[in-house]
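Just below is one structure, and these are the notes that go with it.
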Amino acid sequence: MRLPLYQVDAFADAVFAGNPAAVVPLEDWLPDATLQAIAAENNLAETAFLVRRGDGYEIRWFTPTVEVDLCGHATLASAFVIATMLEWGCPRIDFATREAGTLSVTRDGDLYTLDFPSRPPEPLAGPPAGLLDALGGPPPTALLKARDLVVVYDDEATVRGLTPDMSALARLEDFYAVIVTAPGSGGVDFVSRFFAPAQGIPEDPVTGSAHCTLIPYWARRLGKERLKARQVSARGGSLSCELVGDRVKIAGKAVLYMDGAVYI
């Protein structure tokens with residue numbers, strides 16, 4: 002069996018930046034074990050699988066080790082593949098998901114805007130055992146929880162300078178991942194990094210799903226609904242963000258790095 006495969010750098014306007022994702026269009030769903038094996042072989046933060054259904058697509062996302070409930074950059078990459086490879090010029094794509102409802106992506110030129118659910122964080126009374134030692138750095142100013150644990154610092158330099166113990170972070174329970182964040186500089190409202198070693202992703206370069214939590218937090222804190230964000234991983238990526246009621250909009254660009262095929 003031959004399956005088309007595209008590798009796209011999402012939240013980037015040039016290759017070798019942003020977050021790489023694999024996109025594999027399918028005629029119908031393959032067994033879960035096969036999907037997971039393909040994602041493990043790709044060894045990227047996420048591989049998105051697509052199946053056409055009516056006027057839209059079903060989408061699922063896999064890290065090298067697990068299926069995830071929501072992924073931003075691989076959804077952006079999927080919309081890019083559909084609009085530039087499968088249905089040239091398509092201005093809007095609706096994706097049906099298993100756990101996150103229907104997600105839409107609209108295209109305006111080379112800018113893609115994701116419409117995702119807002120996941121506001123709640124205060125956390127105290128740090129989980131081992132968290133602060135695993136992260137290193139100074140004590141945070143706030144601890145919050147949603148799907149992910151959110152650790153807030155005073156300044157961007159602290160977020161950039163963290164060198165976490167990934168083995169220790171992987172042993173934390175009750176949270177999918179750890180987000181660290183702080184106010185930004187140079188026209189950026191906030192910065193972040195995202196660590197999910199227990200899910201096969203030591204550090205994700207640019208994480209759309211994390212911004213479902215970061216956007217409502219920073220919108221409330223800064224008193225503004227439109228925000229500029231920067232994920233300050235080694236590759237880095239820029240995101241234009243907006244809080245719209247119980248939804249968030251996350252916009253970015255994407256670029257094709259590679260196309261090929263999977264033979265199974």
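Residue numbers 2 to 265, in our numbering, belong to the letters of the sequence shown in order.
By construction, the Cβ of each residue, glycine as well, lies at the ideal position given by its N, Cα and C atoms.
About 6 Å separates the CB atoms of SER119 and CYS213; that is less than 8 Å, so the two are in contact. Contact between the stretch 80-100 and the stretch 186-197 is absent: fewer than 3 CB-CB pairs across the two stretches fall below 8 Å. The beta-carbon distance between ALA46 and ILE251, rounded to whole angstroms, is 16 Å. This is too long to meet the 8 Å contact definition. Contact between ALA135 and ALA178 is absent: CB atoms are separated by about 13 Å, not below the 8 Å threshold.
Contact fails between the stretch 139-148 and the stretch 103-110, because fewer than three Cβ pairs, one in each stretch, are under 8 Å apart.
Residue state for VAL67 is assigned as coil, using DSSP reduced to three classes. ASP111 and GLY253 have their C-alpha atoms roughly 8 Å apart. Rounded to whole angstroms, the gap between the alpha carbons of TRP62 and LEU163 is 28 Å. Judged by beta-carbon spacing, HIS74 lies beyond the 8 Å limit of VAL160, meaning their Cβ atoms are not closer than that value. Residue ASP29 holds the alpha-carbon nearest to the alpha-carbon of GLY55 among ALA49, ASP29, PRO65.
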